Amino acid sequence: MIDQLTVCLPDGPGKLAAMCKLLGQEGVQIHALMVAETVDFGIIRVICDKPRTTAAMLREKGYNAMCARVVAAEVENVPGALGRLLDRLASCDLNVEYAYTCSMGERTVDVIKATGEPLEIKLRESGLAFLEAKDLYETD
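Residue numbers for the sequence shown follow the numbering used here, beginning at 33 and rising by one.
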């Protein structure tokens with residue numbers, strides 16, 4: 033499992049730009065970013081270098097930031113690859129809360145927030161190979 037930076041941002045022009053600019057000024061490399069909208073705010077999910085340190089820095093600057101544990105799997109860049117991955121998770125009685133796909137260099141990576149008890153055991157039972165944090169970003 034890897035750490036994903038999660039930030040709740042109020043809706044408004046320039047809010048996401050300001051956060052991304054701050055990350056750049058602090059030398060934080062963004063590898064993947066996904067935005068989900070709610071009625072009052074946006075949920076920004078980020079795969080970045082040093083996510084725990086970055087979350088702490090953002091909290092110091094007044095942002096609502098935390099880390100979530102997610103899985104990342106490298107998949108073939110072919111039609112149906114995500115469906116096969118999700119089918120394997122479902123066969124182990126794992127629920128997917130959200131997922132997004134990103135390209136990292138030559139790789140296609142699916143990032144997934146899965147639930148199910150006991151999560152770690154069920155992930156191992158899936159037989160899937162998941163990436164480690166060191167495979168994706170500079171760790172804390």
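From the three backbone atoms N, C-alpha and C, an ideal C-beta is built for every residue, glycine too.
Since we're looking at a predicted model, the values are computed, not measured.
Cα-Cα, which of the options is closest to residue i?
{"i": "LEU48", "options": "GLN36, PHE162, VAL71, VAL78", "result": "VAL78"}
{"i": "GLU174", "options": "TYR130, ASP167, GLY148", "result": "Outside the shown range of the chain (33 to 172) lies residue 174, about which nothing can therefore be said."}
{"i": "GLN61", "options": "LYS154, PRO83, PHE162", "result": "PRO83"}
{"i": "THR140", "options": "GLU108, LEU54, GLY94, GLU152", "result": "GLU108"}
{"i": "LEU65", "options": "PHE162, VAL128, GLU149, GLN36", "result": "GLN36"}
{"i": "MET136", "options": "MET51, GLU152, TYR169, GLU58", "result": "TYR169"}
{"i": "ALA165", "options": "GLU92, ASP81, PRO150", "result": "ASP81"}
Quick one, are the C-beta atoms of residue i and residue j less than 9 angstroms apart?
{"i": "ASP142", "j": "ALA105", "result": "yes"}
{"i": "CYS34", "j": "VAL110", "result": "Before going on, a small fix: residue 34 reads as Ile here, not Cys. Not closer than 9 angstroms, so no."}
{"i": "HIS63", "j": "CYS124", "result": "no"}
{"i": "THR38", "j": "ALA113", "result": "no"}
{"i": "ARG120", "j": "GLY159", "result": "yes"}
Whole-angstrom Cβ separation of residue i and residue j, contact assumed at under 8 angstroms?
{"i": "LYS145", "j": "TYR130", "result": "5 angstroms"}
{"i": "VAL67", "j": "GLY56", "result": "With 8 angstroms as the limit, VAL67 and GLY56 do not qualify as a contact, their Cβ atoms being about 17 angstroms apart."}
{"i": "ILE76", "j": "LEU54", "result": "The Cβ separation is near 12 angstroms, so there is no contact."}
Could you tell me the boundaries of the alpha helix (DSSP H) in which residue i lies?
{"i": "PRO42", "result": "No alpha helix (DSSP H) holds PRO42; the beta strand (DSSP E) holding it covers 34-42."}
{"i": "LEU151", "result": "151-157"}
What are the boundary residues of the beta strand (DSSP E) that residue i is part of?
{"i": "LYS145", "result": "139-147"}
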